[in-house]
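Participant:
In the working numbering, the protein residues as written are -2 to 125.
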C-alpha cells in the first residue's frame, strides 16, 4: 500500500522494522537532536531534582546533539545572560561538539544551513 512521505520516513526509522501508518505509535531511531536555549535551564533543573548534583550526567551521543542559541542576542537581562552562560558551561562539560553560540539566524533554518540535518534523516527538537 502506498505511503505518504512522512510514513516512509518513519518506517525507515522504526526500530520494530515494520511499515508505519498515520496514527501508529513507534519507537524510532533518531539521527539528531536540536536543543534550543529554552530547554537548557529546565533540563538542568530536572537533572538536579533527580539527584544529579552536576546536572545531566551525560548525553546520548555528543556527536548528534546540536545546541543553538538564536534568541536574546544580545541579551537584554541578567537572567538571559546567566541562561546563556549555563548553556556554554553544559555544552563544554558534556562534550557536545556542535554548538552555535549567538549567531544570527533561526535555529531550525541553521540546522539545514550548517548541514546538521539532511533529507531522509529524523531530527527532533524542543522548539516549535
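Glycine included, each C-beta is placed from N, C-alpha and C at the ideal position.
Kindly indicate the opening and closing residues of the alpha helix (DSSP H) around residue 7.
Facilitator: 2 to 10
Participant: Report the option in 74, 72, 98 whose CA atom is closest to the CA atom of residue 84.
Facilitator: 98
Participant: Quick one: grab the DSSP three-state call for residue 41.
Facilitator: helix
Participant: Assuming the contact rule is C-beta atoms closer than 8 Å, residue 119 and residue 12 should be a hit. Round their C-beta distance to whole Å, please.
Facilitator: About 11 Å separates the two Cβ atoms, so there is no contact after all.
Participant: For the beta strand (DSSP E) that residue 56 lies in, which residues bound it at each end?
Facilitator: Unbroken run through residue 56: none, as it is neither H nor E.
Participant: Can you give the Cα-Cα distance for residue 95 and residue 0, rounded to whole angstroms?
Facilitator: 34 Å
Participant: When DSSP labels each residue in this structure, what does residue 25 get in the three-state scheme?
Facilitator: strand
Participant: Under three-state DSSP, which class holds residue 65?
Facilitator: In the three-state DSSP reduction, residue 65 falls in the strand class (E or B).
Participant: In the DSSP output, what is residue 17 paired with across the bridge?
Facilitator: Answer is none; residue 17 lacks a bridge partner.
Participant: To the nearest whole angstrom, what separates the beta carbons of residue 56 and residue 93, a pair I think is in contact under 8 Å?
Facilitator: Residue 56 to residue 93, Cβ: 7 Å. Contact.
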